[in-house]
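Add 99 to the 1-based position in the sequence shown for my numbering, that's all there is to it.
Glycine included, every Cβ here is placed at the ideal spot set by N, Cα and C.
The structure displayed is predicted, hence computed values, not measured ones.
Take a look at the structure below.
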Amino acid sequence: MDSQKLFLQTFLLVLSFTFSSSLDTITVNQPIEDGNLLISNENKFALGFFSPRNSKYRYLGIWYHNVPQQTVVWVANRNHPINGSSGILSVDKLGNLILYSNHNQKVPVWYTSVSVEVRGTCVAQLLDSGNLILIQVSSKKVIWQSFDHPTDTVLPGMKLGVNQNTGMFWFLTSWRSPEDPGIGNFSVKVNTIGTPQFFLYRGTVYYWRTTMWPMTSYGDVWTYSVINNQDEIYMAYTLTDASIIFRIVLDYSGVIKKLVWHEKIGKWKEFWSVPSSVCDIYGHCGTYGICYPNFVGKFECDCLPGYEPNSLRDWNILRDASGGCIRKQQDSSSICGHREGFIKVAHVKLPDTSAAVWEGTNMSPMDCEKECRRNCSCSAYASIDIAGEGTGCLRWYGELMDTVNNMKDGYDINVRVGALELEIAQKSSGFPDGEDTLAVLIVFAISAWFIIIFFACLWLKKKKKIKGARNQWNERLLDAIGDACYKNTLLRNDVEGSMNPSAIAFFNLHTMLVATNNFSQANKLGEGGFGLVYKGELSNGQEIAVKRLSKNSDKGIEEFKTELMLIAKLQHKNLVKLLGCCIQGEEVMLVYEYLPNKSLDLFLFDATKSVVLDWRKRFDVIVGIARGILYLHQDSRLSIVHRDLKTSNILLDAEMNPKISDFGLARIFKSDQIQDKTERIVGTFGYMSPEYVVFGKFSAKSDIFSFGIILFEIITGRKNNSYCQESSSLSMIGHIWHSWRENRALEIVDSSIRESCPFDKVLRCIQIGLLCVQENVTDRPMMSTIILMLNCEITLPSPKQPAFNFRKS
100 MDSQKLFLQT
110 FLLVLSFTFS
120 SSLDTITVNQ
130 PIEDGNLLIS
140 NENKFALGFF
150 SPRNSKYRYL
160 GIWYHNVPQQ
170 TVVWVANRNH
180 PINGSSGILS
190 VDKLGNLILY
200 SNHNQKVPVW
210 YTSVSVEVRG
220 TCVAQLLDSG
230 NLILIQVSSK
240 KVIWQSFDHP
250 TDTVLPGMKL
260 GVNQNTGMFW
270 FLTSWRSPED
280 PGIGNFSVKV
290 NTIGTPQFFL
300 YRGTVYYWRT
310 TMWPMTSYGD
320 VWTYSVINNQ
330 DEIYMAYTLT
340 DASIIFRIVL
350 DYSGVIKKLV
360 WHEKIGKWKE
370 FWSVPSSVCD
380 IYGHCGTYGI
390 CYPNFVGKFE
400 CDCLPGYEPN
410 SLRDWNILRD
420 ASGGCIRKQQ
430 DSSSICGHRE
440 GFIKVAHVKL
450 PDTSAAVWEG
460 TNMSPMDCEK
470 ECRRNCSCSA
480 YASIDIAGEG
490 TGCLRWYGEL
500 MDTVNNMKDG
510 YDINVRVGAL
520 ELEIAQKSSG
530 FPDGEDTLAV
540 LIVFAISAWF
550 IIIFFACLWL
560 KKKKKIKGAR
570 NQWNERLLDA
580 IGDACYKNTL
590 LRNDVEGSMN
600 PSAIAFFNLH
610 TMLVATNNFS
620 QANKLGEGGF
630 GLVYKGELSN
640 GQEIAVKRLS
650 KNSDKGIEEF
660 KTELMLIAKL
670 QHKNLVKLLG
680 CCIQGEEVML
690 VYEYLPNKSL
700 DLFLFDATKS
710 VVLDWRKRFD
720 VIVGIARGIL
730 YLHQDSRLSI
740 VHRDLKTSNI
750 LLDAEMNPKI
760 SDFGLARIFK
770 SDQIQDKTER
780 IVGTFGYMSP
790 EYVVFGKFSA
800 KSDIFSFGII
810 LFEIITGRKN
820 NSYCQESSSL
830 SMIGHIWHSW
840 RENRALEIVD
850 SSIRESCPFD
860 KVLRCIQIGL
870 LCVQENVTDR
880 PMMSTIILML
890 NCEITLPSPK
900 QPAFNFRKS
């Protein structure tokens, strides 16, 4: 492209500039208009206006200056094009670069959103790396840079990942088409769940995936680096040969390409791209499947060792493996503590690491296997050698998804299999024959008979010992539940099914032992009045939480019956789901869905974890809890008062959605019943309403009071009993009430969200909380009104005197 053509197609906005050997400096303290072209030939990049292909619209962008074929690497106003040839780039008082479409228009089409207060002159610099930066002259501080806001191209030195302190993600988004640089349907973003990895998304759906491994350097031209610490998780690459012009681009069609400029042929040369085969599509062979890209003329999908197709018809006839694989029937009963082992699958793209844990880099392959064998939920492990750092261990505690065979590269993965599958694999790899085979079989048969006889004697002795206890416990529980439908099911202790609207699944004790690795300490999730809670995994791969009744528990048969009968009939997205129970011998257990983020209090009251809950997420949690309570009070078939609402009983799923749990103290109200009374005051002090604590009276308004306390804890990030020593008030309610009356309510807001939250919204939530904890029961709003208050801008009444408003004398 000659200089005249470049001048006609490029309107660079420059008022004045200076330059050194390493950068161009554009001083922008006055408006900069189009029509000037001031670019140093020494620089690799140019900043200016361009029109892609046949488009009539104009955009402000950065492209390679010394590449004849105009190649844009960054676009400012990608979703807001300028219709015409005029445009103004200027700097406002805050130091923001602002782009206007013409001289008269006051609304900008793009600006830099500088988040810090800037004083004095700002300087914009287009570095040789292609990074456009804004610098405050007096402090030499970079206040904004284009590398923090990539479009569809990764340049050397640019980060892809996340800043865990600020929550800023560095990610790619494709163009809509070759003529339209607007945000398209594809994006590349890091996923920090489990062990970090990068995903190519098609909309919001996983389309392709790469792990953090292998971390490979390519010859002497460029090197990759991966950083994973408490501050940042990102991938970047650098060029060792400055003469090479290299880029990674996310094409508008959803293909990630690595391109290098070939001077002799005068065009970009592509030497790598994904997805390039059906095996590159995420989860093409389903769970526990493996894809073979080089299976020419054959079905590319197979199952990992120890697994078989979930549907033979889909695999063999329809050639559809999306249903994945399931564990082989003959192998499922011997997967934990029954001489199981691991079978190596060589040279694979490692499975999705969302359910994997990385531990290293000081763990040998033998230690890695030992750690995986210790936990029955561990489905596979891989020992990974990181050059210059040592050997680490990657272990999967869930489904194995998106495993791909890769003969040129990849790592070996060791898949957990049962004793039978392991024996078959060992035989296929070589087994003694002839006279040696006969001798081995004889010894094996004799040993097996001795083992069978020994365990049979132990079993008969144990059966006789626990027979009386089992009958006693079963009779008590059957009488407590008092339903013929449940009695018929309970008698079948070997049944393992799934819950339906009219019945509930009853699991046998063996299933629970296998699922929880014999209730190992490593699987322990927490402890409550009912007993211990363990994480488990059923044979079909479903993760569960098992609440095991302690023999010394202060909650017994009544609480078990209440929770079993109540929650089995409740179905709502903001209530924890009960899958079933186990009653066998002296063991009594409830089986729930597993929620990976555990309880809300673990995030709110932890200085490190609380930053995950920004204001938007906290508000969503508040609304979710409110909807769950509304369902209990009004929308379910039964009118239910929970009586033990607190942050530790609010569980969070993988997307941080709240689910109310622990219904052992709940009570059913008749349709015309408003209030009930008890002489047995149970619950958690700090969350209980005054009429319940003093007189034993409880109603739906008691739950409203508890919701108000939870709302305060979410806003403040502090426990309700943490104000006694440092405030003149002896309670959270008193402290917030006096802060509200003195117009200092914003001082109570959690410091981690105080600077970023909308003050009007927070003040509104504080006022709603004060309405919930009013001393007079009739003054507290119903939950339906609270949800209306949260979601609509209606005028709120002034709160009256709250309960427990104690002050130090």
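{"Asked": "Assigned secondary structure, residue 136 (DSSP; H/G/I helix, E/B strand, else coil)", "Found": "In this predicted model, residue 136 has a pLDDT of only 36, less than 50, meaning its place in the structure is not dependable; the value taken from the coordinates is given anyway. Correct three-state label for residue 136: coil."}
{"Asked": "Distance, residue 385 Cα to residue 849 Cα", "Found": "43 Å"}
{"Asked": "Simplified DSSP state of residue 524, which is helix, strand or coil", "Found": "helix"}
{"Asked": "Alpha-carbon spacing of residue 673 relative to residue 754, whole angstroms", "Found": "12 Å"}
{"Asked": "Residue burial classification, residue 493 (beta-carbon count within 10 angstroms, cutoff 16)", "Found": "buried"}
{"Asked": "Other residues of its chain near residue 310: CB distance less than 7 Å, five sequence neighbours each side excluded", "Found": "296, 449 and 452"}
{"Asked": "Heavy atom of the ligand GDP within 7 Å of residue 355 beta-carbon", "Found": "The ligand content of the structure shown is nil, which means the ligand GDP is not present either."}
{"Asked": "Residue 337 classed as buried or exposed, judged by whether at least 16 other C-beta atoms fall within 10 angstroms", "Found": "exposed"}
{"Asked": "Buried versus exposed call for residue 98 [16 or more other C-beta atoms within 10 Å across all chains shown]", "Found": "Since the displayed the chain opens at 100 and closes at 908, residue 98 lies outside it and no answer follows."}
{"Asked": "Delimiting residues of the beta strand (DSSP E) encompassing residue 309", "Found": "304 to 310"}
{"Asked": "With 16 other Cβ atoms within 10 Å as the buried cut-off, status of residue 435", "Found": "buried"}
{"Asked": "Separation of residue 480 from residue 472, as counted between CA atoms", "Found": "10 Å"}
{"Asked": "Burial state of residue 437, where buried means 16 or more other Cβ atoms lie within 10 Å", "Found": "exposed"}
{"Asked": "Within 8 Å, strictly: CB atoms of residue 373 and residue 442", "Found": "no"}
{"Asked": "Beta-bridge partners of residue 680, as assigned by DSSP", "Found": "605 and 689"}
{"Asked": "Min CB distance residue 640 to chain D below 8 Å", "Found": "Annotation note: the requested chain D is absent from the structure, which comprises a single protein chain."}
{"Asked": "Residue 758 versus 766, 746, 768 and 234, residue with shortest Cα-Cα distance", "Found": "746"}
{"Asked": "Neighbourhood of residue 302 by C-beta distance below 7 Å, restricted to the same chain and skipping five residues each side", "Found": "284"}
{"Asked": "For residue 273 and residue 182, the rounded distance between their alpha carbons", "Found": "22 Å"}
{"Asked": "Alpha carbon of residue 300 to alpha carbon of residue 806, nearest angstrom", "Found": "38 Å"}
{"Asked": "Of the residues 265, 221, 280 and 230, the one placed nearest residue 155, counting alpha carbons only", "Found": "280"}
{"Asked": "From 658, 417 and 422, residue whose alpha carbon lies closest to that of residue 743", "Found": "658"}
{"Asked": "Nearest candidate by alpha-carbon position, reference residue 220, set 212, 439, 207 and 242", "Found": "242"}
{"Asked": "Sheet register partners of residue 455 (DSSP bridge)", "Found": "495"}
{"Asked": "Buried versus exposed, by CB contacts within 10 Å (16 or more), residue 178", "Found": "exposed"}
{"Asked": "As assigned by DSSP and simplified to three states, the class of residue 903", "Found": "coil"}
{"Asked": "Euclidean distance between Cα positions of residue 899 and residue 870", "Found": "7 Å"}
{"Asked": "Helix, strand or coil at residue 630 according to DSSP, with G and I counted as helix", "Found": "strand"}
{"Asked": "Span of the alpha helix (DSSP H) around residue 179", "Found": "Counting along the chain, residue 179 falls outside any alpha helix (DSSP H), and DSSP gives it neither H nor E."}
{"Asked": "Where residue 873 falls: helix, strand or coil (DSSP)", "Found": "strand"}
{"Asked": "Segment contact flag, the segment 888 to 896 with the segment 858 to 878, C-beta cutoff 8 Å, min 3 pairs", "Found": "yes"}
{"Asked": "Cut-off 7 Å between Cβ atoms - residues of its own chain near residue 582, not counting five sequence neighbours on either side", "Found": "Confidence at residue 582 is low in this model, with a pLDDT of 42, below 50, so the placement of that residue should be treated as unreliable; the coordinate-derived value is given next. Cβ within range, chain order: n/a, list empty."}
{"Asked": "Meets three-Cβ-pair contact criterion under 8 Å: the segment 391 to 406 and the segment 514 to 525", "Found": "yes"}
{"Asked": "Unbroken stretches of the beta strand (DSSP E), 3 residues or longer, contained in the segment 391 to 425", "Found": "400 to 402 and 406 to 408"}
{"Asked": "Boundaries of the beta strand (DSSP E) in which residue 797 is found, first to last residue", "Found": "796 to 798"}
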